[in-house]
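From first to last, the protein sequence lines stand for chains A and B. Residues in the first sequence are numbered from 24 upward in steps of one, following the working numbering. Residues in the second sequence are numbered from -4 upward in steps of one, following the working numbering. All C-beta atoms, glycine included, are put in the ideal place defined by N, C-alpha and C.
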Amino acid sequence: MTAAAPAVGALQAALAAEHAAVYGYGVAGAHLSGARRKAAAQGWEVHEAARDTLAAMITALGARPVAAAAAYRLPFPVHGSRAAVMLAAFVEDRVATAYLGVVALSDARLRLFGARALESAALRAAGWRGRTLAFPGLEAPAPGPVSSGPGASRPAPSAQSPPPAGQAGA
Amino acid sequence: MPGDGQRHGMLGARTVGHGAVRDRRRHDGSGRDGSGREDGGGRVVREATRRGVLATVVSLPLVATGCKGVGALGTPPRPQPDVTVVRDAIDGETLMISRYQAVLAAVPSLAGPLGPLLQQHREHLARLRARLIEPAPASRPAHSPAVAASPAAVQAPGTPTAARAYLREAEQAAAQALLGRLTVAPPSLAQLLASIAASEATHALLLGPGRRAG
């Protein structure tokens, strides 16, 4: 099916971002405690589920899902909780951007799937950051540990952001 | 486009026809300046010519349009689907801005937390407007938003808690409305709509109970 080629490319990019998010949450969670550690664990699970969903969708399209890298270069040093929170927000921004590629596909179901996954990532990013962005996925703030914000003191949301796995259905 | 070619063909035929009429009348006018007999003869010539011109005017457009009908010229072009989508999204953002303004007028103490969210709605609106090349107001087809989008027309609750709940519901509905238009938009517009919808969903999150907006 020739129409599947753009879909495979966009889904592979989203899968690569999910692999990186799983890694990033693993790093972030190690520097967090209490409610924020729990939120990081939830984020980690959400991205693992999304990764599996995307891999299944790509396989169903006749392609081979991209593998995770053995390690990822962090966008900034992560030695404490503040940087860990910003790392979590950063990986969500990256995931949001990757799903915008899925939104651009012509297939209506994939487009909505991408939009919902983008929304979930934006919700988690806003939870970590404590503030919202005007254009999640389209315009990401510069990476790096930022000035103190309410996000550093509040746990990330788990409500209102159903994991993409829930809507996928490949 | 074949349609354009046909329209040009029609317009060209008419122009020639009218031009022919005008030229003949000028000629008749100069003849009338002479004797009375010439005047009478001129009238005969003019009528004969008018028939010919009428025949030309009537037949040429039909040939040029392939008998499509004369009414084709008068039909205004219908807006493209993505133009309609952008206009609807612009109306939605305008309404959201009105709601925030109405809330801020009723509950000024919310200015701190709501300010950044209102500013992001203004950014949404600006980005959407940049997508739309508006025709001149006179030629633009009538397009009225479903709800009048002026602060005076919006009734906002008077307490902070109720106001936040009101805006939260409005944000959720706005995000849903954008997602509903996603599949009829071209790819890059769909990306913008999805991003704005995600932004509005995050607004709703921060407006929710137990969270501080802004």
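Shown here for residue 70 of chain A: same chain residues with a beta carbon closer than 6 Å to its own, the five before and five after excluded, namely 41, 44 and 45 in chain order.
For the 8 Å CB-CB criterion, residue 62 of chain A and residue 124 of chain A do not form a contact. Rounded to the nearest angstrom, the Cβ distance from residue 128 of chain A to residue 39 of chain A is 16 Å, too far for a contact under 8 Å. The C-alpha of residue 110 of chain A lies about 23 Å from the C-alpha of residue 195 of chain B. Taken through DSSP and simplified to helix, strand or coil, residue 96 of chain B comes out as helix.
Contact with chain B is found for residue 159 of chain A, since one of that chain's Cβ atoms lies less than 8 Å from the residue's Cβ. In this chain, the alpha helix (DSSP H) harbouring residue 161 of chain B covers 155 to 175.
In the structure shown, the three-state DSSP call for residue 147 of chain A is helix. Around the C-beta of residue 113 of chain A, 16 or more other C-beta atoms lie within 10 Å, and the residue is accordingly described as buried. Residue 88 of chain A and residue 78 of chain A have their C-alpha atoms some 5 Å from each other. For the pair residue 176 of chain B and residue 86 of chain B, the CB atoms are not nearer than the 8 Å cut-off. In this structure, residue 145 of chain A keeps its C-beta atom at 8 Å or more from the C-beta atom of residue 126 of chain A. CA-CA distance, residue 107 of chain B to residue 152 of chain A, rounds to 17 Å.
DSSP, reduced to helix, strand and coil, places residue 56 of chain A outside both helices and strands of the structure shown, so it counts as coil. Nearest C-alpha to residue 106 of chain A among A:83, A:47 and A:155: A:47.
In the three-state reduction of the DSSP assignment, residue 95 of chain A falls in the coil class, being assigned neither a helical nor a strand state. At a C-beta separation below 7 Å, residue 142 of chain A has these neighbours in chain B: 192, 193 and 196. Taking a cut-off of 8 Å on C-beta distances, the segment 95 to 106 of chain B touches the segment 147 to 155 of chain B, as three or more cross pairs fall below it. Between residue 147 of chain A and residue 108 of chain A, the C-beta spacing is not below 8 Å. Linking residue 192 of chain B to residue 170 of chain B through their CA atoms gives a straight-line distance of about 4 Å. For the pair residue 95 of chain A and residue 135 of chain A, the Cα-to-Cα distance works out to about 29 Å. Identification of chain B residues near residue 131 of chain A by a Cβ-Cβ cut-off of 7 Å yields 178, ordered along the chain.
At a Cβ-Cβ threshold of 8 Å, residue 131 of chain A and residue 160 of chain A do not count as neighbours.
Within the same chain, Cβ atoms closer than 7 Å to the Cβ of residue 64 of chain A are found at 52, the five residues on either side in sequence being excluded.
When rounded, the separation of the alpha-carbon atoms in residue 49 of chain A and residue 97 of chain A is 12 Å. Secondary structure of residue 195 of chain B (DSSP, three-state): helix.
Scanning B:91, B:164 and B:97 for the CA closest to the CA of residue 119 of chain B turns up B:91. A Cβ of chain A is located within less than 8 Å of the beta carbon of residue 201 of chain B.
Separation of the CB atoms of residue 81 of chain B and residue 184 of chain B is rounded to 7 Å, and the pair is thereby assigned contact status at 8 Å. A direct Cα-Cα distance of roughly 33 Å separates residue 115 of chain A from residue 97 of chain B. For residue 81 of chain A and residue 93 of chain A, the gap between their C-alpha atoms comes out near 21 Å.
Taking every protein chain shown into account, the CB of residue 154 of chain B has fewer than 16 other CB atoms within 10 angstroms, so this residue is exposed. Shown here for residue 162 of chain A: same chain residues with a beta carbon closer than 8 Å to its own, the five before and five after excluded, namely 156 in chain order. Distances from the CA of residue 93 of chain B to each of B:178, B:121, B:117 and B:128 were compared; the closest alpha carbon is that of B:117. Taking 8 Å as the threshold, the shortest C-beta distance from residue 185 of chain B to chain A falls below it.
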